[in-house]
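Asks: For the sequence shown, our numbering assigns the number 70 to the initial residue and increments by one for each residue that follows. For each residue, glycine too, the CB sits at the ideal point set by N, CA and C.
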Amino acid sequence: MTYRGHIRNGVAVLDTPVALPDGTPVRVEVERINSAFWENKGVEELAREQGVKPIQSLDELADVWPEEDSIDEILALIRERRHQRSEAGNGLRHR
Numbered sequence: 070m071t072y073r074g075h076i077r078n079g080v081a082v083l084d085t086p087v088a089l090p091d092g093t094p095v096r097v098e099v100e101r102i103n104s105a106f107w108e109n110k111g112v113e114e115l116a117r118e119q120g121v122k123p124i125q126s127l128d129e130l131a132d133v134w135p136e137e138d139s140i141d142e143i144l145a146l147i148r149e150r151r152h153q154r155s156e157a158g159n160g161l162r163h164r
């Protein structure tokens with residue numbers, strides 16, 4: 070049997086009441102409707118739609134970069150995390 074419904078507050082709600090006992094297994098299949106939500110858009114198109122412009126100079130970032138965050142510390146943290154992930158990955162392969 071197929072019943073139609075929609076999602077309300079994260080819960081599947083049937084459009085017409087159905088007397089199914091609690092615990093009845095069901096399968097929910099999402100229907101794709103014609104909507105812009107499902108369109109695969111490129112970065113350029115999304116940026117254009119949202120009015121995002123490329124920076125012209127790194128000085129533009131200086132106003133939004135927190136003074137307490139050192140770029141050297143952030144880069145060191147990124148390198149450390151990548152190294153840790155690399156070591157963890159290597160350990161898994163040898164088991």
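1) Just to confirm, is the Cβ distance from D84 to G74 under 8 Å?
2) Which runs of the alpha helix (DSSP H) fall wholly inside the stretch 104–145 and span at least 4 residues, in chain order?
3) Excluding five sequence neighbours on each side, which residues of the same chain lie with their C-beta closer than 6 Å to the C-beta of H163?
4) So who's on the other strand from A81, going by DSSP bridges?
5) Short of 8 Å in beta carbon distance, which residues of its chain neighbour Y72, apart from the five on each side in sequence? Order them along the chain.
Replies: Here's the rundown:
1) yes
2) 112–119 and 128–131
3) Summary for H163: the model assigns pLDDT 45, below 50, so the residue's position carries little reliability; its value from the coordinates is reported in the next sentence. For H163, where only same-chain residues beyond five positions count, there are no Cβ hits under 6 Å.
4) I76
5) L83, D84, T85 and V87
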